[in-house]
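Below you'll find the structure, written out as structure tokens, and then a few comments.
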Amino acid sequence: MTRPANPRLRVRRKPPPPVQDSSRRNLVLAVVVLTVGLGTAFFGYWFGQRALEDVTSPTPVVQGERKLLGRSQGLLKEVDILATVASVPTGEISQDELFELQEEAVANESSAEDTSRLTIAAEATDQEVSLKVDSVLWQGSNLVLQVSLQNRGRNPVRFVYSPTFDLLVVSDPQGNPLRTYTEGLPADLPDDQEVYRGTIQVSASDLEGVESLNLSLTDYPDRSLALNLRTIPVPALPGG
């Protein structure tokens with residue numbers, strides 16, 4: 111008896127998935143990024159131009175010879191410049207004329223300061239430590255004593271510039287202590303023979319009718335030094 115032939119099973123293969131076009135997607139993404147970048151740059155430039163509409167370029171300095179102001183003459187007072195310029199006839203002022211007016215104001219201020227400055231050489235020395243008053247002048251509403259300290263000894267010296275416990279005392283001829291403010295003086299004076307400079311300032315409100323000052327300074331905490339200066343002249347207050 112003949113066996114029937116087995117039928118063959120046919121397996122249907124699954125078709126492969128379609129290949130995605132990645133290059134096209136990358137191109138679209140690049141175009142979008144470029145468009146956004148260009149738009150941002152355009153709006154940034156536009157806003158920058160709008161912000162600078164009211165800004166103008168500075169006027170160039172007039173070329174020509176100038177007379178430079180001396181370094182030691184300092185800054186001009188605004189009131190003096192305005193007063194000097196106000197005295198000039200109306201009309202245009204050239205650059206050279208403006209510099210001449212500024213120099214004139216500086217000269218007037220310097221001459222006024224010279225009349226209120228007294229150069230003196232009052233000096234006190236104790237145990238090879240020296241205190242010297244170089245000059246006295248008015249600065250605004252304060253009387254300024256320009257002083258210097260020097261230590262020729264072998265040991266450093268410490269100072270506390272305070273009227274407390276009579277460490278630093280500035281007084282009138284009757285012995286009344288005056289309020290003071292020090293600046294630039296060293297708290298520790300080394301034994302290097304160098305000259306150290308500073309100022310002692312006294313308010314004009316404490317100097318009414320005072321023609322001279324007394325100054326005393328001692329060290330701290332030993333209080334072994336006695337640096338005393340008497341009859342330091344007080345210059346006349348400018349405009350007083």
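Per the numbering used here, the sequence shown starts with residue 111, numbered consecutively.
Note that CB positions come from ideal geometry on N, CA and C, so glycine has one too.
Remember, predicted model here, so these are calculated numbers, not experimental data.
Which residue's Cα is closest to the Cα of residue i: the options?
{"i": "A314", "options": "G349, N265, L299 and T150", "result": "G349"}
{"i": "L347", "options": "R134, N252, Y306 and D244", "result": "N252"}
{"i": "A293", "options": "G263, V254 and E304", "result": "What sits at residue 293 in the sequence shown is Glu, not Ala. Comparing Cα positions, the closest option is V254."}
{"i": "V279", "options": "L339, R262 and S334", "result": "L339"}
{"i": "G285", "options": "V270, D329, T341 and S258", "result": "T341"}
{"i": "L323", "options": "D316, Q237, D282 and Y330", "result": "D282"}
{"i": "P345", "options": "T150, V141 and L228", "result": "L228"}
{"i": "S258", "options": "Q303, N265 and E321", "result": "Q303"}
{"i": "G250", "options": "P266, A297, N265 and S226", "result": "S226"}
Any idea what DSSP makes of residue i, helix, strand or coil?
{"i": "A336", "result": "coil"}
{"i": "G349", "result": "coil"}
{"i": "R135", "result": "helix"}
{"i": "D298", "result": "strand"}
{"i": "V344", "result": "coil"}
{"i": "V143", "result": "helix"}
{"i": "D316", "result": "helix"}
{"i": "D282", "result": "coil"}
Could you round the C-beta distance between residue i and residue j to whole angstroms and report it? I think they count as a contact, below 8 Å.
{"i": "Q256", "j": "T309", "result": "6 Å"}
{"i": "V312", "j": "L288", "result": "5 Å"}
{"i": "I230", "j": "S240", "result": "The pair is not a contact, with the Cβ atoms about 15 Å apart (cut-off 8 Å)."}
{"i": "Y271", "j": "L295", "result": "6 Å"}
{"i": "Q237", "j": "L299", "result": "Not really, about 12 Å apart at Cβ, beyond 8 Å."}
{"i": "V243", "j": "L325", "result": "7 Å"}
The beta strand (DSSP E) that contains residue i, what's its start and end?
{"i": "R227", "result": "No beta strand (DSSP E) holds R227; DSSP gives it neither H nor E."}
{"i": "D244", "result": "V239 to Q249"}
{"i": "Q256", "result": "N252 to N261"}
{"i": "R360", "result": "Since the first and last residues shown for the chain are 111 and 350, residue 360 lies out of range."}
{"i": "L327", "result": "S322 to L327"}
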